[in-house]
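Protein chains in written order, with the numbering used here: chain Y, 13 to 208; chain S, 13 to 208.
What follows is the structure in structure tokens.
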């Protein structure tokens, strides 16, 4: 792991344990056991350091998703992939807390916004592809089922990503109301309606 | 408007325009045109000031929802109420940016978490009640429709709130990908599936 990656790890841990607002070059240097100058050698500004750490976090999640091999059931594939994004254990809980904090800050930080946009675009492409397979396998309402909109891979991938982000966002703020078992039950419920 | 409310307004504006991380007693005092001592007279700590401002924001949204009179169609009622929570115009966009920032911070701040919990509980009660009316009006899958879960007011209110929070969270970070028309189309799509 490079020195920059080590600094990003330390930053992520501070953000997960105490919040992004406690992150500063000084704090990160102290927690990493290096000088402020050593941090500044890698990152000219705090914003640069934050952007690097955000990318570090999403790449870690991305690596888990990339290791995933599709099986024969698009529905099971979706459920398995999306579980990787939800705060279902301590690792993912910490990761999700940091993700929510970074994404919230992306609203006013163009560098973070670019990373968020790129990450979501990749997720959307993957979900769209899986939903296309699901539709081709005859899942989701076809035309002629009245009021229910037929499965549209792109649009429904957008909605599905919002559902997972919303469950994550709500669970990060209220872990007691939304424990892991509740989160997976809600996700499964959503997928059943989508892919009936 | 009380002095404390004025301070909360100023804090909310700073958070909406520059981000919650730029909020400090000093910044708020300067922007409000009062002394640091005047702010401290109302709020002993920065955390206390943040909690007051979060409550201020959610109460403003709550007042809009409280003014709402149910009509004859639970589906239209839901669509109208939930639109009030989405970032569909500049006022709600600013409000949503601040809401997302506060809720993200609630993960590690017990005072903010208590406000978030209380607000979500009220919203959940309202949504549960409307979904109960919808079910009583014969909407949503009844038993015997195979794999599709029948409408369960409490569970589906939880999922619906996550959908709206997720759309808000995603749109705050990526307003260009999720403009108002797209957000309402996605919400309507979800409601159609839920209430078919």
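Even for Gly, the Cβ is constructed at its ideal location relative to N, Cα and C.
Cβ-based burial, residue i [other Cβ within 10 Å; buried from 16]
i	result
residue 80 (chain Y)	exposed
residue 165 (chain Y)	buried
residue 78 (chain S)	exposed
residue 61 (chain S)	buried
residue 75 (chain S)	exposed
residue 49 (chain Y)	exposed
residue 205 (chain Y)	buried
residue 188 (chain Y)	exposed
residue 137 (chain Y)	exposed
residue 156 (chain S)	Model confidence at residue 156 (chain S) stands at a pLDDT of 45, short of 50, so the residue's coordinates are unreliable and nothing is read from them.
Residue i vs residue j beta-carbon contact at 8 Å
i	j	result
residue 184 (chain Y)	residue 112 (chain Y)	yes
residue 182 (chain Y)	residue 190 (chain Y)	yes
residue 18 (chain Y)	residue 26 (chain Y)	no
residue 142 (chain Y)	residue 90 (chain Y)	yes
residue 195 (chain Y)	residue 98 (chain Y)	yes
residue 37 (chain Y)	residue 46 (chain Y)	no
residue 208 (chain S)	residue 159 (chain Y)	yes
residue 73 (chain Y)	residue 107 (chain Y)	yes
residue 116 (chain S)	residue 116 (chain Y)	yes
residue 24 (chain Y)	residue 93 (chain Y)	no
Extent of the continuous alpha helix (DSSP H) to which residue i belongs
i	result
residue 57 (chain Y)	Residue 57 (chain Y) -> no alpha helix (DSSP H), and no H or E assigned at all.
residue 138 (chain Y)	122-148
residue 176 (chain Y)	165-185
residue 30 (chain S)	15-30
residue 106 (chain S)	102-118
residue 88 (chain S)	86-95
residue 203 (chain Y)	192-207
residue 38 (chain S)	37-44
Residue i: CB within 7 Å of a non-hydrogen atom of the ligand ZN
i	result
residue 121 (chain Y)	Although the ligand ZN was asked about, the structure shown includes no ligands whatsoever.
Per-residue contacts from residue i into chain C (C-beta, under 9 Å)
i	result
residue 49 (chain S)	Included in the structure are the protein chains Y and S, with no chain C among them.
>> Using a Cβ distance threshold of 8 Å, determine whether the segment 120-131 of chain S contacts the segment 60-75 of chain S, with at least three qualifying pairs required.
In response: yes
>> Would you call the segment 86-99 of chain S in contact with the segment 133-152 of chain S, where contact means no fewer than 3 C-beta pairs closer than 8 Å?
In response: yes
>> When you compare the segment 173-181 of chain S with the segment 173-181 of chain Y, are there three or more beta-carbon pairs, one atom per stretch, that lie closer than 8 Å?
In response: yes
> Touching or not, the segment 116-125 of chain S and the segment 31-49 of chain Y, by the rule of three or more beta carbon pairs under 8 Å?
Replying inline: yes
> Does the pairing of the segment 92-104 of chain S with the segment 46-63 of chain S give three or more beta-carbon distances under 8 Å?
Replying inline: no
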